[in-house]
Amino acid sequence: MATLEFNGKTFEIDEDGFLLDYNMYNEEWVKYVQTQEGIDEMTDEHWKLVEVLQDYYEKNGIAPMVRVLSKLTKFKLKHIYELFPSGPGKGACKMAGLPKPTGCV
Amino acid sequence: MTEVAKKIDHGTKSAFKTKLMDKLPNGVNLNMCLTCGVCASGCPATGLENMDPRKFVRMVALGMDEELTMHPWVWMCSQCQRCVYVCPMNIDIAAIIFEARNLWPREERPKGILGSCDMAMRNSCGSAMGISEEDFEWVVGDILDEVREDQPGWEDLEAPVNKEGAHFFLSQNSREPGTEPEEMVPLWKILHIVGADWTYATRGWGGENYCMFLADDESWEKTARNSIESAKELGCKVYLNTECGHATYAIWKGQQKYNIDKTGLEIAPIVPYYAKWIREGKLKPNSDWNKDLKIKFTCQDPCQQVRKSFGDPLADDLRFVIKTCVGEENFVDMTPNYSNNFCCGGGGGYLQSGYNDARLKYGEIKKDQILATAADYCVTPCHNCHDQIHKLADHYECKYHTIHLWTLIAFSLGVLGATERTYLGPDLKPLNMPEGQELEDEY
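Heads up: the sequence lines are chains A and B, in that order. In terms of my numbering, the first sequence opens at residue 1 and continues consecutively. In terms of my numbering, the second sequence opens at residue 1001 and continues consecutively.
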């Protein structure tokens, strides 16, 4: 566990840089991950991914499979990588405040 | 200034030592230890947290329970059993570490390992990623439809779910359906080519078992029992583990440890089947593509499938399959190898332990072994080996690529689809492409 400070806000994160507490998600966290991902400007498509991930997580307690994410957003996986260079897990899920996925990942 | 000597009770009153002596089989008899240190000299975790296997065993024997309880090193040992393999007295040090993990209150064990075990316990699938029966069936069908539509010649490919009476019950690590579903396809194609009668099951398809890493006997047994019972319920004859080392070991060892009834069911790893199908002429990978290229390959011996369970015959089969695919002259073995090979540092739950720096340090020996072969590719028939060896290349800026065995076989058969080439390097990505398919842009 580590503590991260960004723009005056403090976040507790795990060893892989995911938020420890989903409820700590806020605008500053988005800005922090945005800088980490090298995203110049958050577009509607970035926000759509964040919202779909949060909605799914709140209902199911896990992140969706990548195929389900593609189905829900209508974005091909390739496009998700264009939006979040680290990919759906290490980029989009992290920005949405979801915890690191469990299992062999 | 002189340090004050610690008074020890030589293990006479040690609760932990007594527990070990009572619980574990005679092979773990600590009083047999010669203190020779062979275990420590051959262990990649030696030195992490200023600990090593010999020191740990001595501390147990001397009754230093206080110092050992909740020691982080127990999560940095990958339980690869190399120490057990070389011990002249056959002391089961890995079993000691398993019990030492149990000295941690359950809720205080590494969050990722705990969460992965609990997630698997929440559903009937055994999926450590929490993938439900419905989602698993859906994603298998979705990928299958895509292959049938987009890949000429594969219109009749099958990926059965809950097929009663199928010969093989195929387990599946959640990583593929969850994060890279196209990686399931090469194995489906191989099974199709050899005419295997196989099935997935909605119940108990998840092969991974983080409860074993958590040292939670009750949950390990529950997940293993659930999966074995599902295979029996379908009337399958062989429980076939996909290329996942710890899944293979967890079900094979779990069945024995908890005396789970498997009447009529054989538990088998997949590598010897690949070899068997090649020997029988059912599978005909061809190495002609590498005649002039002379691209070099090495392989990792997954501890869970070789040293810890099926031994050197599996390692022999692994090399036979790879050599058939790439040409004998293009295979370079690492040293040491077979049952004496080093663990890569991906096992024991390391991926979810949170000890990322220790994991990379542990892997230095493996990285050096691979670099010494000068191979362009390292073949890993195990998910955790694959993940770790891939990460080692990134971290230490090595040029080798890491691939699954199914990728190499399908590539050498000329059936590896354009979307199934994620882990191939730029040298192989465009080669041996099936007719009618084109490589998409990188993402």
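Note that the Cβ used here is the ideal one computed from N, Cα and C, for glycine as well.
Inter-residue Cα distance where the pair is residue i and residue j
i, j, result
"residue 1443 of chain B", "residue 1243 of chain B", "Any reading at residue 1443 of chain B must be qualified, since the residue scores a pLDDT of 43, below 50, and its modelled position is unreliable; the value itself is stated next. Rounded to the nearest angstrom, the two C-alpha atoms are 25 Å apart."
"residue 1320 of chain B", "residue 1275 of chain B", "7 Å"
"residue 1073 of chain B", "residue 1387 of chain B", "21 Å"
"residue 26 of chain A", "residue 75 of chain A", "24 Å"
"residue 62 of chain A", "residue 94 of chain A", "13 Å"
"residue 1269 of chain B", "residue 1278 of chain B", "16 Å"
"residue 1076 of chain B", "residue 98 of chain A", "26 Å"
"residue 1173 of chain B", "residue 1247 of chain B", "8 Å"
"residue 1134 of chain B", "residue 1390 of chain B", "31 Å"
"residue 1291 of chain B", "residue 1416 of chain B", "19 Å"
"residue 1070 of chain B", "residue 1063 of chain B", "15 Å"
"residue 1262 of chain B", "residue 105 of chain A", "30 Å"
"residue 1366 of chain B", "residue 83 of chain A", "35 Å"
"residue 1219 of chain B", "residue 1104 of chain B", "16 Å"
"residue 71 of chain A", "residue 1293 of chain B", "41 Å"
"residue 1458 of chain B", "residue 1163 of chain B", "Given that chain B is displayed from residue 1001 to residue 1443, the structure contains no residue 1458 of chain B and the question cannot be resolved."
"residue 1375 of chain B", "residue 40 of chain A", "39 Å"
"residue 1256 of chain B", "residue 1305 of chain B", "15 Å"
"residue 1403 of chain B", "residue 1312 of chain B", "21 Å"
"residue 1032 of chain B", "residue 1392 of chain B", "37 Å"
Residues of its chain near residue i, where Cβ-Cβ distance is below 7 Å and the 5 sequence neighbours each way are ignored
i, result
"residue 1152 of chain B", "1435 and 1436"
"residue 1144 of chain B", "1157 and 1159"
"residue 1352 of chain B", "1110, 1112, 1113, 1116 and 1210"
"residue 1166 of chain B", "1160, 1197, 1198, 1199, 1234 and 1236"
"residue 982 of chain B", "Here chain B covers residues 1001 to 1443 and nothing more, so residue 982 of chain B does not appear."
Cβ-based neighbour list, residue i, same chain, cut-off 8 Å, excluding 5 preceding and 5 following
i, result
"residue 1034 of chain B", "1088 and 1089"
"residue 1126 of chain B", "1120, 1204, 1205, 1206, 1207, 1208, 1209, 1223, 1226 and 1227"
"residue 1048 of chain B", "1073, 1076, 1358, 1361 and 1362"
"residue 1098 of chain B", "1079 and 1215"
"residue 37 of chain A", "84, 85, 86, 91 and 95"
"residue 1251 of chain B", "1171, 1207, 1209, 1224, 1227, 1228, 1239, 1241 and 1267"
"residue 1355 of chain B", "1072, 1075, 1076 and 1110"
Pick from the options that is closest to residue i, judged by C-alpha positions
i, options, result
"residue 1345 of chain B", "B/1100, B/1169, B/1238 and B/1302", "B/1302"
"residue 1059 of chain B", "B/1030, B/1044, B/1085 and B/1077", "B/1030"
"residue 49 of chain A", "A/6, A/10, A/79 and A/99", "A/79"
"residue 86 of chain A", "A/104, A/51 and A/17", "A/17"
"residue 1316 of chain B", "B/1273, B/1291, B/1356 and B/1421", "B/1273"
"residue 1380 of chain B", "B/1300, B/1374 and B/1410", "B/1300"
"residue 23 of chain A", "A/88, A/102, A/64 and A/57", "A/57"
"residue 1190 of chain B", "B/1271, B/1304 and B/1426", "B/1271"
"residue 1136 of chain B", "B/1024, B/1431, B/1177 and B/1182", "B/1177"
"residue 55 of chain A", "A/11, A/43, A/69 and A/42", "A/69"
Same chain, Cβ closer than 6 Å to residue i, five either side skipped, listed in chain order
i, result
"residue 1046 of chain B", "1040 and 1052"
"residue 1323 of chain B", "1331"
"residue 1452 of chain B", "The structure shown does not extend to residue 1452 of chain B, since chain B spans only 1001 to 1443, so no value can be given for it."
"residue 1005 of chain B", "none"
"residue 1285 of chain B", "1324, 1325, 1409, 1412 and 1413"
Residue i beta carbon near the ligand MG (any heavy atom closer than 8 Å)
i, result
"residue 1014 of chain B", "For the structure depicted, the ligand MG is absent and the ligand set is empty, with no information on it obtainable."
Test: residue i CB closer than 9 Å to a CB of chain E
i, result
"residue 78 of chain A", "Note that chain E does not occur in the displayed structure, where the protein chains are A and B."
>> Report the start-end ranges of each beta strand (DSSP E) in the stretch 1163 to 1188 of chain B that is 3 residues or longer and not cut off at the edges.
In response: 1168 to 1170
>> Closer than 7 Å between beta carbons: that is the criterion. Which residues of the stretch 1231 to 1259 of chain B meet it against chain A?
In response: none
> At which residue ranges does the stretch 1391 to 1429 of chain B contain complete alpha helix (DSSP H) runs of 4 or more residues, listed in the order of the chain?
Replying inline: 1405 to 1413
> Unbroken beta strand (DSSP E) runs of length 3 or more, entirely within the stretch 19 to 57 of chain A: which are they?
Replying inline: Runs of the beta strand (DSSP E) spanning 3 or more residues and lying entirely within the stretch 19 to 57 of chain A do not occur at all.
> At a Cβ cut of 9 Å, what residues of the stretch 56 to 72 of chain A count as close to chain B, listed as they run along the chain?
Replying inline: Result list: 60, 61, 62, 63, 64, 65, 66, 67, 68 and 71.
> Relative to chain B, which residues along the stretch 86 to 105 of chain A have a C-beta separation below 9 Å, given in chain order?
Replying inline: 87, 88, 89, 99, 100, 101, 102, 103, 104 and 105
> Which runs of the alpha helix (DSSP H) fall wholly inside the stretch 1014 to 1092 of chain B and span at least 4 residues, in chain order?
Replying inline: 1015 to 1023, 1038 to 1041, 1053 to 1061, 1065 to 1068 and 1082 to 1086
> Between the stretch 1371 to 1383 of chain B and chain A, which residues of the former have CB atoms less than 8 Å from a CB of the latter, in chain order?
Replying inline: Taking 8 Å as the Cβ-Cβ cut-off against chain A, the residues of the stretch 1371 to 1383 of chain B that qualify are 1383.
> Along the stretch 12 to 27 of chain A, what residues have a CB closer than 9 Å to any CB found in chain B?
Replying inline: 14, 15, 16 and 20
>> Tell me which residues of the stretch 1169 to 1199 of chain B have at least one Cβ-Cβ distance to chain A shorter than 7 Å, keeping chain order.
In response: 1173, 1174, 1175, 1177, 1178, 1179 and 1181
> Quick one, which residues of the stretch 1081 to 1113 of chain B are near chain A if we go by CB-CB under 8 Å, in chain order?
Replying inline: 1111 and 1112
>> Give the list of continuous alpha helix (DSSP H) stretches no shorter than 4 residues that lie fully inside the stretch 1330 to 1397 of chain B.
In response: 1356 to 1362, 1364 to 1373 and 1383 to 1395
> Which residues, in order along the stretch 1128 to 1148 of chain B, keep a beta-carbon less than 7 Å from a beta-carbon of chain A?
Replying inline: 1128, 1129, 1130, 1131, 1135, 1139 and 1142
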